[in-house]
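Trainee:
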Amino acid sequence: DAGITQSPRYKITETGRQVTLMCHQTWSHSYMFWYRQDLGHGLRLIYYSAAADITDKGEVPDGYVVSRSKTENFPLTLESATRSQTSVYFCASSERQESYEQYFGPGTRLTVT
Amino acid sequence: GENVEQHPSTLSVQEGDSAVIKCTYSDSASNYFPWYKQELGKRPQLIIDIRSNVGEKKDQRIAVTLNKTAKHFSLHITETQPEDSAVYFCAASRSTSGTYKYIFGTGTRLKVLA
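In structure tokens, the structure reads:
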């Protein structure tokens, strides 16, 4: 579990501000994912990445930007935060083909005021 | 788009009784179905999974069954214990560009009453 970390763990920001959530994994997993978790919606995929410099949209990508310049890092940026983006954000990673299991980070609780 | 429905949203059982959580998926191409357990304030963790070429899989007190024709799958927990209390999520997925993107259900909060 210590192999995938997220920072910060808690963040309060104001509407309109840019905020970046960090995700780092030490397993050299090829695939990384960002989810948001909201009551009544479960976990919804925002973006995912198959490798460095390869990213693709998930179910709810609007308002978010991702990048992956290095295999181990997958930051998520909210370009102009809105109250509807108040949520718990989970990063996850998985290894190509050997296992379909996704390993989740500890989460970041983001509040937009 | 793809959708996974999960029922019930909450479930209370007496310790020692069985618990069953059911999920229905819409994408007939889905071929991998994991179940995750999330304890309060913690991250989701995989507890069992099943692939579409298998009808049932067991791991000690937990089992998962899959009915591809009806497009539904279920989690069965026997001899429930207080530590089974958590939120359980099902997911359906199929391979896209070499990985499996999950579509999660909305979760079931299981309470095991001592």
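Going line by line, the protein sequences match chains H and C.
With the first letter of the first sequence counted as 1, position 53 gets the number 53 in our numbering; the numbers rise by one all the way through.
With the first letter of the second sequence counted as 1, position 10 gets the number 10 in our numbering; the numbers rise by one all the way through.
Backbone N, C-alpha and C fix where the C-beta goes; we use that ideal spot for every residue, glycine too.
The structure displayed is predicted, hence computed values, not measured ones.
#1: Note the first and the last residue of the continuous beta strand (DSSP E) segment covering Arg36/H.
#2: Whose CA, out of Thr82/H, Val66/H, Ala50/H, lies closest to the CA of Phe93/H?
#3: DSSP three-state call for Asp178/H: helix, strand or coil?
#4: Skipping 5 residues on each side, what residues in its chain have a beta carbon closer than 6 Å to that of His7/C?
#5: By DSSP's criteria, Trp35/C is part of a beta bridge. Which residues make up the other side?
#6: Relative to the C-alpha of Leu75/H, which residue among Pro61/H, Phe33/H, Cys23/H is closest?
#7: Could you name the residues of the same chain whose beta carbon sits closer than 8 Å to that of Thr86/H, not counting the 5 residues immediately before and after it, in chain order?
#8: If you compare alpha carbons, which of Val112/C, Tyr100/C, Gly107/C is closest to Leu47/H?
#9: Ser93/C CB to nearest chain H CB: under 9 Å?
#10: Spatial neighbours of Leu78/H within its chain, please: CB distance less than 7 Å, with the 5 preceding and 5 following residues excluded, ordered by chain position.
#11: Bridge partners of Asn67/C, per DSSP?
#12: Express the C-alpha separation of Glu5/C and Ser28/C in angstroms, rounding to a whole number.
#13: Using a beta-carbon distance below 9 Å, is Ala52/H in contact with chain C?
#14: For a quick check, are the C-beta atoms of Tyr89/H and Gln6/H less than 9 Å apart?
#15: Have a look at the DSSP bridge pairing and note the partners of Leu76/H.
#16: Taking the CB atoms as reference points, tell me whether Tyr25/C and His76/C lie closer together than 9 Å.
#17: Within the same chain, show all residues whose beta-carbon is closer than 7 Å to that of Ala19/C, passing over the 5 residues directly before and after it, in chain order.
#18: Using a 10 Å radius around the Cβ and a threshold of 16 neighbouring Cβ atoms, would you call Leu21/H buried or exposed?
#19: Could you check what DSSP says for Ser84/H in three-state terms: helix, strand or coil?
#20: In the DSSP assignment, what are the bridge partners of Ala51/H?
#21: Hey, quick one: how far does the beta strand (DSSP E) through His7/C stretch, first residue to last?
#22: Using the beta-carbon count (16 or more within 10 Å), is Ser28/H buried or exposed?
#23: Among Pro44/C, Ser52/C, Tyr102/C, which residue has its Cα nearest to the Cα of Tyr88/C?
#24: Does any residue of chain H have a CB that is nearer than 9 Å to the CB of Leu46/C?
Mentor: Concretely, from the data shown:
#1: Per DSSP, the continuous beta strand (DSSP E) segment holding Arg36/H begins and ends at 31-38.
#2: The sequence as given places Ser at residue 93/H; Phe does not occur at that position. Ser93/H has its Cα closest to that of Ala50/H, out of Thr82/H, Val66/H, Ala50/H.
#3: Missing from the structure shown is residue 178/H; chain H here goes from 1 to 113 and no further.
#4: Apart from sequence neighbours up to five positions away, the residues of its chain that approach His7/C with a beta-carbon distance below 6 Å are Lys22, ordered along the chain.
#5: Per the DSSP secondary-structure output, Trp35/C pairs in a beta bridge with Ile48/C, Cys90/C.
#6: A quick correction: the sequence has Pro, not Leu, at residue 75/H. Residue Cys23/H is the option with its Cα nearest to Pro75/H.
#7: Excluding positions up to five away in sequence, the list reads Leu110, Thr111, Val112.
#8: One detail in the question is off: residue 47/H reads as Tyr in this sequence, not Leu. The option with the nearest alpha carbon to Tyr47/H is Tyr100/C.
#9: For Ser93/C, the answer is yes, since a Cβ of chain H falls inside 9 Å of its Cβ.
#10: The residues are Gln18, Val19, Gly63, Tyr64, Gln85.
#11: Paired residue(s): His72/C.
#12: Ser28/C and Glu5/C: Cα-Cα distance of roughly 14 Å.
#13: No, Ala52/H lies away from the interface with chain C (no Cβ there is under 9 Å from its Cβ).
#14: With contacts defined as CB atoms closer than 9 Å, Tyr89/H and Gln6/H qualify as a contacting pair.
#15: Answer is Leu21/H, Val66/H, bridged to Leu76/H.
#16: For Tyr25/C and His76/C, no; Cβs fall outside 9 Å.
#17: Closer than 7 Å at the Cβ level, and outside the excluded window around Ala19/C, lie Leu11, Val13, Ile77, Thr80, Leu110.
#18: Leu21/H is buried by the Cβ-count criterion.
#19: In the structure shown, Ser84/H falls within a helical segment according to DSSP collapsed to helix, strand and coil.
#20: Answer by DSSP bridge pairing, in chain order: Ile54/H.
#21: First-last of the beta strand (DSSP E) with His7/C: 4-7.
#22: By the C-beta density criterion, Ser28/H is exposed, having fewer than 16 other C-beta atoms within 10 angstroms.
#23: Ranking Pro44/C, Ser52/C, Tyr102/C by Cα distance to Tyr88/C puts Pro44/C first.
#24: Interface residue, yes.
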